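Report on the following structure.
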Amino acid sequence: MSSLLAPRFHRRWIDRLGLGLAMLCALHCLATAAVLIGFPALWLKLRYQVPQYLWLFEAERWIAGFSLGIAALALLLAFRRLEAPTARSLLLVGAGGVSAGLWWSPLAHSLWSVAAVSGGALLIALGHYLQLRGWRRCG
128 MSSLLAPRFH RRWIDRLGLG LAMLCALHCL ATAAVLIGFP ALWLKLRYQV
178 PQYLWLFEAE RWIAGFSLGI AALALLLAFR RLEAPTARSL LLVGAGGVSA
228 GLWWSPLAHS LWSVAAVSGG ALLIALGHYL QLRGWRRCG
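Heads up: take any position in the sequence shown, counting from 1, add 127, and you land on our numbering.
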């Protein structure tokens, strides 16, 4: 592989990894919400009665943080080379939704956090998908 193809190859893999992580994040959020709404006793048991499972809630934040880092890296790599303002906007708005849903305290502890995080993750995934299409057009 020549040195000119290597950076493009890495950019595509960053977007592919970001797309996969964002889709897993969105599916996880929607499935978790469905289970916890369907079985509220499970939520209460996990949250208040069994402190050894609290790492599950922190793991969610770490995974989302990693996904946001990949999105930021994809934005930086595509900033000058790729003319995709829609993809950039989707990545930024999605990152804002995920961040607000997980770390902004008025939203983080409400049912609206599920919508913010799931919607934000789907927007991040769509942004990565549009960037992948842009990389294919570039060659």
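Glycine included, every Cβ here is placed at the ideal spot set by N, Cα and C.
All values derive from a computational prediction rather than experimental measurement.
Beta carbon of A149, beta carbon of A211: below 8 Å?
-> no
Could you tell me how far apart the beta carbons of Q258 and A168 are, in whole angstroms, since I believe they sit closer than 8 Å?
-> Actually they are not in contact, since the Cβ atoms of Q258 and A168 sit about 42 Å apart, beyond 8 Å.
Are the beta-carbon atoms of I251 and A222 separated by less than 8 Å?
-> yes
Compare the C-beta of A161 with all C-beta atoms of chain B and state if any pair is closer than 8 Å.
-> Annotation note: the requested chain B is absent from the structure, which comprises a single protein chain.
Pull up the distance between the alpha-carbon of R208 and that of R215, whole angstroms please.
-> 12 Å
Pull up the distance between the alpha-carbon of L229 and that of L219, whole angstroms please.
-> 15 Å
Using the C-alpha atoms, what's the distance from S245 back to C89?
-> There is simply no residue 89 to check, as the chain begins at 128 and stops at 266 in what is shown.
Taking all protein chains shown into account, do 16 or more other C-beta atoms lie within 10 angstroms of the C-beta of A161, making it buried, or fewer, making it exposed?
-> exposed
Have a look at F193, T159 and E187 and flag the residue whose alpha-carbon is nearest the alpha-carbon of L146.
-> F193
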